[in-house]
Structures are given as structure tokens and as C-alpha cells.
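As given, the protein sequences belong to chains A and P, one line each in that order.
Per the working numbering, the very first residue in the first sequence carries number 79; after that it's consecutive.
Per the working numbering, the very first residue in the second sequence carries number 5; after that it's consecutive.
From the three backbone atoms N, C-alpha and C, an ideal C-beta is built for every residue, glycine too.
Keep in mind that this is a model prediction, so the values were computed, not measured.
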Amino acid sequence: DTAVSQTPKYLVTQMGNDKSIKCEQNLGHDTMYWYKQDSKKFLKIMFSYNNKELIINETVPNRFSPKSPDKAHLNLHINSLELGDSAVYFCASSQPGVGTEAFFGQGTRLTVV
Amino acid sequence: AQKITQTQPGMFVQEKEAVTLDCTYDTSDQSYGLFWYKQPSSGEMIFLIYQGSYDEQNATEGRYSLNFQKARKSANLVISASQLGDSAMYFCAMREGEGSARQLTFGSGTQLTVLP
């Protein structure tokens with residue numbers, strides 16, 4: 079039973095296309111996140127949702143739009159893909175509280191050509 | 005200013021030896037948590053160990069221990085008896101303050117290579 083699952087694992091697409099990455103967690107957590115890991119392996123928060131409400135929206139282009147239909151799902155839709163969007167995108171979830179670890183999905187490697 | 009600093013981009017250690025991966029942090033919050041994650045070449049993020057700002061004892065989990073020096077704002081990861089399978093990228097992370105949806109902020113990582 080996968081705790082946090084993302085699909086697809088790999089995504090290759092052309093510039094200008096629109097794509098979505100899906101994320102689901104079965105841990106009963108209230109909070110879900112999207113992180114972007116660039117080619118230098120740096121992990122940066124993109125969005126954070128708590129009980130379906132957007133809490134954190136870092137300086138991410140508005141071509142990126144997260145959607146949370148319920149607290150177990152947080153999908154990421156990307157419009158008009160650009161070469162610089164190529165990265166690994168991680169979904170994660172946790173309970174609130176300073177001491178709770180985040181559980182990560184396996185990541186989606188997005189390549190824009 | 006960087007919230008989490010990992011100054012060692014790469015480290016090498018001989019199998020069966022201990023290794024320390026450095027992490028310093030910057031926060032003005034009194035309540036915060038410090039985490040270490042491992043990312044092997046397969047790409048997944050694996051939680052290793054947690055230290056709370058109010059914890060008086062250093063955290064330990066099997067071969068992993070966290071050397072927490074609050075006054076110096078450092079939270080170094082110590083791996084004892086290194087194994088070949090420990091070769092991976094290691095990330096230090098921090099969550100500040102209480103409240104909902106506080107994200108983890110990550111350092112730039114240290115690539116550890118264990119030599120046979």
C-alpha cells in the first residue's frame with residue numbers, strides 16, 4: 079500500500095503543451111505539498127494545501143495551478159510548458175505540527191523538449 | 005539568508021567507518037523541527053531522523069544519530085558503520101513554528117559515497 083502515490087512517474091512533452099500530475103495520499107493527513115527539485119537537486123516548496131485550502135503559494139508562475147478536490151488528493155496542472163519547467167516534481171503530505179515528518183511520493187520526472 | 009546550509013556538496017567515507025554530514029540552520033522561532041532525508045539514486049525521499057528544538061537528548065535511529073547543538077544552530081547527521089547502501093544524497097530540512105501547513109525547507113544536500 080503506497081502512502082503517497084504520484085502519476086505519472088515520467089512525463090516527456092513538447093513546449094507549449096498542458097499537462098497534469100496527480101497525487102493521492104492514504105495516510106489521512108490534512109496537509110499536502112508540491113515541491114520542485116531542479117537539476118542541481120535543490121528542493122523548493124511550490125504549494126501547500128491544508129484541508130483543501132491553499133496555504134502557501136511560493137513565487138511560482140501562474141501557469142502552475144494546483145487543485146485539491148479533497149484532502150487526500152492534490153493535483154498539479156501546468157499550462158504552456160516551457161523548457162525551464164523540466165525537473166522532478168514531488169508531492170508530499172504530513173500532519174500539522176512542527177515535529178511531523180513529510181511523506182513523499184516517488185516523484186514525477188518532467189522533461190520538456 | 006539561507007535557512008538551511010549544508011556546506012559539503014560531496015563526501016567520501018570508507019565502508020564500516022563513521023561519517024558526519026554537516027547542517028546549520030537559521031531561525032528566530034523557539035519551536036522548530038529538524039529533519040534528515042536520504043535520496044538514493046532511485047530518486048525517492050526517505051525520512052531518516054527528527055530532532056525537536058525542545059528535545060534535550062540527541063535523536064538516534066539505528067545507525068543514524070543527530071548531533072544537535074542548539075547554541076551553534078547545528079544539526080549534524082552521524083552515520084555509524086557506513087554501508088555501501090548508504091551512498092545517496094542527504095538533505096537536512098527544517099520546519100519552523102507551530103500551526104498548519106508549515107512546509108519543510110531543505111538544504112542543498114550532500115552527496116555521500118561509501119567506498120568499498
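When the distance is taken between beta carbons, is residue j closer than 7 Å to residue i?
i: P/Met-93; j: A/Lys-119; result: yes
i: A/Thr-109; j: A/Ser-172; result: yes
i: A/Arg-187; j: A/Tyr-88; result: yes
i: A/Ile-123; j: P/Gln-107; result: yes
i: P/Ala-79; j: P/Leu-70; result: yes
i: A/Pro-144; j: A/Leu-154; result: yes
i: A/Asn-135; j: A/Phe-142; result: no
i: P/Gly-56; j: A/Gly-185; result: no
i: P/Ser-84; j: P/Arg-67; result: yes
Return the chain-ordered list of same chain residues with a C-beta closer than 6 Å to the C-beta of residue i, the five sequence neighbours on each side being excluded.
i: P/Glu-100; result: Thr-31, Asp-33 and Tyr-36
i: P/Phe-39; result: Tyr-54 and Ala-97
i: P/Ser-148; result: Nothing in the structure corresponds to residue 148 of chain P, since chain P is present only between 5 and 120.
List the endpoints of the continuous beta strand (DSSP E) containing residue i.
i: A/Gly-183; result: Careful: A/Gly-183 lies outside any beta strand (DSSP E) and carries neither H nor E.
i: A/Pro-147; result: 142–148
i: A/Met-93; result: It is not in any beta strand (DSSP E) - A/Met-93 carries neither H nor E in the DSSP assignment.
i: P/Ala-85; result: Element bounds for P/Ala-85: n/a, residue is neither H nor E.
i: A/Phe-56; result: Lying outside 79 to 191, the shown extent of chain A, residue 56 of chain A is not represented and no answer is given.
i: A/Thr-80; result: Unbroken run through A/Thr-80: none, as it is neither H nor E.
i: P/Val-3; result: Residue 3 of chain P lies beyond the range of chain P shown here (5 to 120); nothing can be said about it.
i: P/Thr-11; result: Note, P/Thr-11: premise wrong, no beta strand (DSSP E); not H, not E.
i: P/Ala-75; result: Where P/Ala-75 is concerned, there is no enclosing beta strand (DSSP E), given that its DSSP letter is neither H nor E.
i: P/Val-118; result: 114–119
Kindly list the residues whose CB is nearer than 7 Å to the CB of residue i, restricted to its own chain and excluding five residues on each side of it in sequence; keep chain order.
i: A/Lys-149; result: Asp-108, Asn-129 and Lys-130
i: A/Asn-95; result: Leu-159
i: A/Asp-163; result: Ile-156, Leu-188 and Val-190
i: P/Pro-120; result: Glu-19 and Leu-88
i: A/His-151; result: Cys-101 and Glu-102
How many whole angstroms separate the CB atoms of residue i and residue j, which I take to be in contact at a CB cut-off of 8 Å?
i: A/Ser-98; j: A/Gly-183; result: About 14 Å; that fails the 8 Å criterion.
i: P/Gln-12; j: P/Asp-26; result: 6 Å
i: P/Ala-22; j: P/Val-118; result: With a Cβ gap of about 11 Å, P/Ala-22 and P/Val-118 do not count as contacting.
i: A/Asp-116; j: A/Ala-165; result: 5 Å
Checklist entry - In chain order, what residues of the stretch 89–103 of chain A put their CB closer than 7 Å to some CB of chain P? => result none
Item to check | Contact set between the stretch 45–68 of chain P and chain A, restricted to residues whose Cβ is under 7 Å from the partner | outcome: Gly-47, Glu-48, Met-49, Phe-51, Tyr-54 and Gly-56
Checklist entry - Using a beta-carbon distance cut-off of less than 8 Å, what residues from the stretch 154–171 of chain A approach chain P? => result Val-166, Phe-168 and Ala-170
Checklist entry - Which residues, taken in chain order from the stretch 68–98 of chain P, show a beta carbon closer than 9 Å to some beta carbon of chain A? => result Met-93, Phe-95 and Ala-97
Next on the checklist: Give me the subset of the stretch 27–47 of chain P whose CB atoms are less than 7 Å from a CB atom of chain A, sorted by chain position.
Outcome noted: Ser-35, Tyr-36, Gly-37, Phe-39 and Gly-47
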